[in-house]
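Okay, structure first, notes after.
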Amino acid sequence: MPTSTEPGRPDPQTNTLSPGHDGRPVSDRGDTVCVIGAGASGLTAVKNLTEHGFGVDCYERETGVGGAWNWRHDRSPVYASTHLISSRPFTQFPDFPMPDHWPDYPHHRQLLSYFERYADHFDLRRHIWFGTEVVRVEPVDDDRWDVTTRSTGGYGPERTSRYAAVVVANGHNWSPKLPRYEGLEQFRGEVMHASSYKDSAQLRGKRVLVVGAGNTGCDIAVEAAQQASRCWHSTRRGYWYAPKYVFGRPADQVNDLLLALRVPLRVRQWLYHRTLRLTVGDLTRFGLPKPDHRVYETHLIANSLLVYHVGHGAITPVPDIERLHPHSVELTDGRQIDPELVVFATGYLPRFEFLDGKILGDDEGVGRPRLWLNALVPDHPTLAVTGLLQPDSGIFPLAHWQAVLFARLLQTRASAPQRAAAFAARVRAGAGERYSGQVKDSTRHWFEVGHADYLRALERALRELESK
């Protein structure tokens with residue numbers, strides 16, 4: 005395993021191979037594994053790979069760890085008031101608990117400090133090249149990979165290194181998904197994507213239209229209810245809004261108890277509807293559209309305040325946009341409103357700029373890889389993706405077990421190649437499997453997983469990999 009003489013700088017590469025196809029020299033990193041990204045998924049990949057005896061070089065385009073949760077980073081979608089929407093016990097890494105005195109739903113600053121302590125506790129920084137972005141990842145012979153890097157921003161020369169394996173952990177909540185509406189270019193008001201939203205001061209005193217009913221859209225609408233002079237909230241369909249607390253406990257803990265008891269989906273749906281009727285009643289009386297699906301068929305919106313502000317008249321629910329005019333917005337029901345600021349909280353699309361999408365099974369180039377367990381790549385046993393999940397719980401423990409599975413797969417390739425070959429056939433057969441039950445077919449739900457079903461699938465995969 006490589007050691008380091010300078011924090012954040014792995015040992016220099018020494019062995020030089022024949023030039024690559026572009027004529028540049030290629031440095032041989034031997035059995036070292038490359039990890040792309042030092043956010044939550046990248047950090048747990050580095051930690052688990054090193055624990056399994058592998059040398060690791062991690063490339064991080066920013067100057068610190070934390071990925072999306074470090075709001076100083078250019079690509080971070082985090083805003084000042086961001087908190088977890090999954091509770092602390094279901095979010096923390098299984099081998100590094102969050103402090104007991106922290107709140108049920110920690111603030112983003114606490115999450116960043118958690119990742120920094122995680123990196124320090126497991127001595128991960130010595131494996132990380134900060135301020136270095138990955139430009140290209142290309143397969144070469146013997147299931148190895150040429151990884152080309154350069155300083156963030158394109159400064160300095162590019163450098164290519166050859167690795168035994170690659171873990172892609174660059175995140176999927178940084179490339180904005182922008183809608184297309186007639187007249188958008190002619191609209192004279194201010195338009196922004198939620199990725200540019202950082203503080204409620206951006207809304208203060210303005211007439212604001214928030215488009216999108218995901219967790220971010222609902223959070224911004226709630227802040228606009230308190231800071232803007234007027235707030236409209238546009239949604240294309242009805243959604244299910246889950247309070248963060250049920251029966252005095254975080255809602256995901258109650259749901260997990262039902263899952264642990266193997267309560268059937270139909271019963272859980274009935275219990276949710278019953279609880280909703282007993283607490284807030286029929287949400288259509290507030291002007292919110294009726295959902296066109298049953299609960300758990302879309303990702304639940306964890307927000308206790310949206311219905312409160314709608315009920316107090318501070319948020320006006322409206323349907324989708326039909327078109328925009330220079331000084332107004334026309335809605336699908338024929339109404340026209342006059343926002344000064346339109347915030348598109350319309351989500352993100354995954355992007356792997358450095359990798360040919362066909363390698364990941366994304367033949368159409370839309371950003372939807374075809375993987376097994378949302379992690380393992382058919383026909384490329386030394387390539388894995390971590391954190392490409394939209395779970396009904398915290399993502400960090402799931403990424404942890406993804407990294408453990410990949411580390412043990414790499415070990416098996418060396419110690420029991422026949423067993424690894426049999427497992428590769430299982431990866432090919434299972435590519436594209438879902439772990440979420442019936443959900444809406446939308447980009448928001450491409451990577452939807454039920455955490456209980458998904459963890460059981462990971463456990464089965466580990467047993468299958470290690471069986472004699």
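In terms of this note's numbering, the sequence shown opens at residue 5 and continues consecutively. We put the CB at the ideal spot given by N, CA and C, even for glycine. Computed from a prediction, not measured in an experiment: that's the story for all the values here.
For V299, no beta strand (DSSP E) segment is defined, and its DSSP state is neither H nor E. With at least 16 other beta carbons inside 10 angstroms of its own, L392 counts as buried.
In summary, S419 is exposed, with fewer than 16 beta-carbon neighbours lying within 10 Å of its beta-carbon over all protein chains present. When DSSP states are grouped into helix, strand and coil, V347 belongs to the strand group. Taking 8 Å as the cut-off, the beta carbon of L310 is found no closer than this to the beta carbon of V322. Scanning its chain for C-beta atoms nearer than 7 Å, with the 5 sequence neighbours on each side dropped, one finds around T279 the residues V250, in chain order. Take R166, set aside five residues on each side of it, and the residues of its chain with a beta-carbon closer than 8 Å to its own are L21, V30, S31, D32, R33, V144, R148, W149, D150, V151, in chain order.
In this structure, DSSP gives W73 a helical state, which the three-state scheme calls helix.
For D61, the enclosing beta strand (DSSP E) stretches over residues 60-64.
When DSSP reads this structure, I40 sits in a beta bridge with Y63, V172. In the displayed model, E463 falls within a helix according to three-state DSSP.
Taking S238 as reference, the option from V212, Q230, H125 with the minimal CA-CA separation is V212. Nearest C-alpha to Q415 among H56, L345, R270, V171: H56. Between the alpha carbons of G365 and R289 lies a gap of roughly 45 Å. Counting only unbroken stretches of 4 or more residues, the alpha helix (DSSP H) elements lying wholly within the region 163-248 are 219-231, in sequence order. Note that the C-beta distance between A72 and V60 is not below 8 Å. Contact check for L466 against L402 fails: the beta carbons are separated by 8 Å or more.
Apart from sequence neighbours up to five positions away, the residues of its chain that approach A225 with a beta-carbon distance below 7 Å are V214, C235, H237, L310, I319, ordered along the chain. Put simply, of H77, H125, R76 the residue whose alpha carbon is nearest the alpha carbon of K51 is H125. Across the structure, L380 and P98 are spaced so that their CA atoms are roughly 21 Å apart.
Between the alpha carbons of N259 and C38 lies a distance of about 37 Å. A direct Cα-to-Cα measurement between E189 and A349 gives close to 18 Å. At the C-beta level, Q257 and S91 come within 8 Å of one another.
Residue E301 holds the alpha-carbon nearest to the alpha-carbon of R270 among E301, G216, T95. For L116, the enclosing alpha helix (DSSP H) starts and ends at 112-125.
Pairing T156 with R65 gives a Cβ-Cβ distance under 8 Å. Restricting attention to W75, D127, E142, the CA atom closest to the CA of H112 is found in W75. Per DSSP, R130 lies in no alpha helix (DSSP H) and is assigned neither H nor E.
Of all C-beta pairs linking the region 281-295 to the region 170-179, fewer than three are shorter than 8 Å, placing the two stretches out of contact.
Per DSSP, S80 lies in no beta strand (DSSP E) and is assigned neither H nor E. Under DSSP, L335 shares a beta bridge with I325. Sequence-distant Cβ neighbours of R154 in its own chain, meaning closer than 8 Å and more than five residues away, are T136, E137, V139, G160, P161, E162, R163. K362 is the residue among K362, I399, E437, S446 whose C-alpha sits nearest the C-alpha of E142. Looking at the DSSP output, F100 sits in a beta bridge with F97.
Under the three-state reduction of DSSP output, R140 falls in the strand class. For R289, there is no enclosing beta strand (DSSP E), as DSSP marks it with neither H nor E.
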